[in-house]
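Undergrad:
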Amino acid sequence: MNRKTLLTWTLALGALCPVFAQRPLSLDEAIAQGLQRNFRVLIAQRQAEIAANNNNWGAAGKYPDVNATLNLNNGYNNNRNPASFLRELSALNSGISPGIEATWVIYGGHRVRLSKEQLDLLEKQTGGNVRQAIENALEDVILSYYQAVIQQEQLQVRAEVLRLSRERLEYQRTRQDFGQASTFDVIQTQDAYLNDSTAWLVQQANVATAMRNLARAIGEDNAPAEAFLLTDRLPASAPEYELDALRMQMLQSNQGLFNLRLSRELAAVQTRFQESFRLPVVSLRAGTAYTFSRNIFASGVFANGDERDLGGITNTNLNLLLNFTASYNLFDGGNRRRSVQNARIQELSAQAAIDDLRRTLLNQLDATFLRYQNQKQVLALSNNLVDNARRNIQIAEERFRGGLISFFDYRSIQVAYINATQTRLNALFNLKTAETELLRLSGGLLR
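Spelled out as structure tokens, the structure:
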């Protein structure tokens, strides 16, 4: 590889980094936008709105049903009876009958109150679903954001190593011009430069993938991979947590446990609701109806053969009703008993689900806390490792130029520096992942 080829390769790598205006994006901005555009959060919020709209006494059956009726009746009658003194009668009549009727269950075994309790719990449950959807969206945005940050920092490390490799190659070419380096030395340096270039390109693809995942998490599916300038960095230090305090907080505030407790309360109310069918039902029915009718015309033929115009006749009628009804089911084939048994079984299942999730969450919390503590130690060690690797590569640079170490020794030190920085970045991300999981499990992610 001559100097012209090296220059062409370097310019080609630089051309892969497009220059355009990037939009600064902080973690808080990403979270706000992600929550606003997350479809699962929006769906959960709509379901919560429906539950809130349904939660009223009318839906529970507290108020009476009132119906208004209006009938318009028209008819024509032609009657012929030779045995009657009125041998033939023809009449056209019309009438209107407005009415209003109300039906109200006065006592139904407390079913109205129990229905309202169910509606209250359903509204709380959908609110809990919204919080759980927000928690999942928060975790997705946070991890996507920091994953993109880590990939960018790894790209910077690759770029730094690539710069050093390019300088080594130029240095070896210069030495070859003065007869101080062999073709073998130049080829080895070229191989290192090409390998670092390949790794740099692969890391660029990793950055693009991480940025696309971040764009998806915040609801910008069509945004280019280079659209954002991430302004936040992963914190180098990690807060201290106490396992016992996290356990207590999780048992009180974990959203999954909260939702299952609401399901258990719903099952208990459903049991009492089914038991209410064993009680009598007392209902009230009241109403009024008014009828106005008139024979528009009528004519008749009498027994003596006379035909007369009977004229119009008006008729009115007013009806009022007030009825009480009490009913009690004596036998239904055991359906009520089976319904109560099934409801009690649902209560037991709901409690078992709570116990199972509680055990699972405690195991997850312990494992995550252990991983968090382990990553803190890994981070502390990797920080020291990076500092040593950085000093070592500076010393190796001087010794390599002085001919005290071979290229292979220098390359080994360079690779050790790359591995140390990647280990540190991975430890940072794994630490943040474990911390985010701890907060989600303990119900502290929304605080």
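Once you know that position 356 of the sequence shown is 337 in the numbering used here, the rest is easy, because the numbers rise by one and skip nothing. All C-beta atoms, glycine included, are put in the ideal place defined by N, C-alpha and C. The structure displayed is predicted, hence computed values, not measured ones.
With 16 other CB atoms within 10 Å as the buried threshold, where does Y391 fall?
TA: Y391 is buried by the Cβ-count criterion.
Undergrad: Taking only the alpha-carbon atoms, compute the straight-line gap between P5 and R405 and give it to the nearest angstrom.
TA: 25 Å
Undergrad: My understanding is that S423 touches N235, with C-beta atoms under 8 Å, so please give their C-beta distance in whole angstroms.
TA: 7 Å
Undergrad: In terms of alpha-carbon separation, which member of F273, I394 and D158 lies closest to L145?
TA: Closest by alpha carbon: I394.
Undergrad: For A180, which residues from the same chain have a beta carbon less than 6 Å from its beta carbon, with the 5 sequence-adjacent residues on both sides left out?
TA: So the list reads R139, once near-sequence residues are dropped.
Undergrad: Which first and last residues belong to the alpha helix (DSSP H) in which R144 is found?
TA: That run of the alpha helix (DSSP H) goes R92 to D158.
Undergrad: So, helix, strand or coil for G76, using DSSP?
TA: strand
Undergrad: What did DSSP end up calling N411 once you bin it into helix, strand or coil?
TA: helix
Undergrad: Drop a sphere of 10 angstroms on the beta-carbon of T252, count the other beta-carbons inside from all chains shown, and report buried for 16 or more, exposed for fewer.
TA: Per the 10 Å Cβ criterion, buried.
Undergrad: Would you identify the three-state DSSP class for L(-12), choosing helix, strand or coil?
TA: At L(-12), the pLDDT of 44 sits below 50, so the modelled position is not reliable; the number obtained from the coordinates is stated separately. L(-12) falls in the helix class under three-state DSSP.
Undergrad: Measure from the alpha carbon of E10 to the alpha carbon of each residue in D213, T269, Q113 and E416, then state which is nearest.
TA: D213
Undergrad: Whose CA, out of W38, Q356 and N37, lies closest to the CA of A219?
TA: In this structure, Q356 is the residue among W38, Q356 and N37 with its C-alpha nearest to the C-alpha of A219.
Undergrad: Let me know the secondary structure DSSP gives N203 once reduced to three states.
TA: coil
Undergrad: Grab me the residues of A(-7)'s own chain with a C-beta within less than 7 Å of its C-beta, minus the 5 sequence neighbours each way, in chain order.
TA: Low local confidence applies: a pLDDT of 47 at A(-7) is under 50, so the model's placement there is unreliable, with the coordinate-based value given in what follows. None.
Undergrad: According to DSSP, which residues form a beta bridge with T170?
TA: In the DSSP assignment, no residue is bridged to T170.
Undergrad: Measuring alpha carbon to alpha carbon, tell me which residue in E30, V122 and Q157 is nearest K105.
TA: E30
Undergrad: Figure out for me which residue from Q255, G315 and R147 has the closest Cα to the Cα of L175.
TA: R147
Undergrad: Would N296 be called buried (16 or more neighbouring beta carbons within 10 Å of its own) or exposed?
TA: exposed
Undergrad: On a Cα-Cα basis, can you pick out the residue from R18, P79, G39 and N37 that is closest to L274?
TA: Per the sequence presented here, residue 274 reads as Ser, with Leu not at that position. The candidate whose alpha carbon is nearest that of S274 is P79.
Undergrad: What is the residue span of the alpha helix (DSSP H) that R325 lies within?
TA: N316 to R382
Undergrad: Which of the three DSSP states, helix, strand or coil, is assigned to A198?
TA: helix
Undergrad: Cβ of Y44 within 8 Å of Cβ of V263?
TA: no
Undergrad: Going by the beta-carbon positions, is the gap between L100 and S257 smaller than 8 Å?
TA: no
Undergrad: Out of curiosity, what's the CA-to-CA distance linking M192 and A334?
TA: 38 Å
Undergrad: From the DSSP output, in three-state form, read off A217 for me.
TA: coil
Undergrad: Using only the alpha-carbon positions, how far apart do Y127 and L243 sit?
TA: 35 Å
Undergrad: How about T269 and I81: are their beta carbons less than 8 Å apart?
TA: yes
Undergrad: For N304, which residues does DSSP report across the bridge?
TA: R266
Undergrad: Assuming contact is defined by CB atoms lying nearer than 8 Å, are L360 and L412 in contact in what I supplied?
TA: yes
Undergrad: Could you compute how far the alpha carbon of Q233 sits from the alpha carbon of G109?
TA: 14 Å
Undergrad: Using alpha carbons as the reference points, say which of A401, E207, D225 and E328 lies closest to Q255.
TA: E328
Undergrad: Where DSSP assigns a beta bridge to Y398, which residues make up the other side?
TA: Beta-bridge pairing links Y398 to no other residue.
Undergrad: Are the beta-carbon atoms belonging to A25 and V122 less than 8 Å from one another?
TA: no
Undergrad: Sort G42, F389 and A397 by Cα distance to E98 and report the nearest one.
TA: G42
Undergrad: Count the other CB atoms, across all protein chains shown, that sit within 10 Å of the CB of N34; report buried if there are 16 or more and exposed otherwise.
TA: exposed
Undergrad: Below 8 Å between beta carbons: does that hold for Q438 and L210?
TA: Lying before the first or after the last residue shown, residue 438 is absent from the chain, which here runs from -18 to 428.
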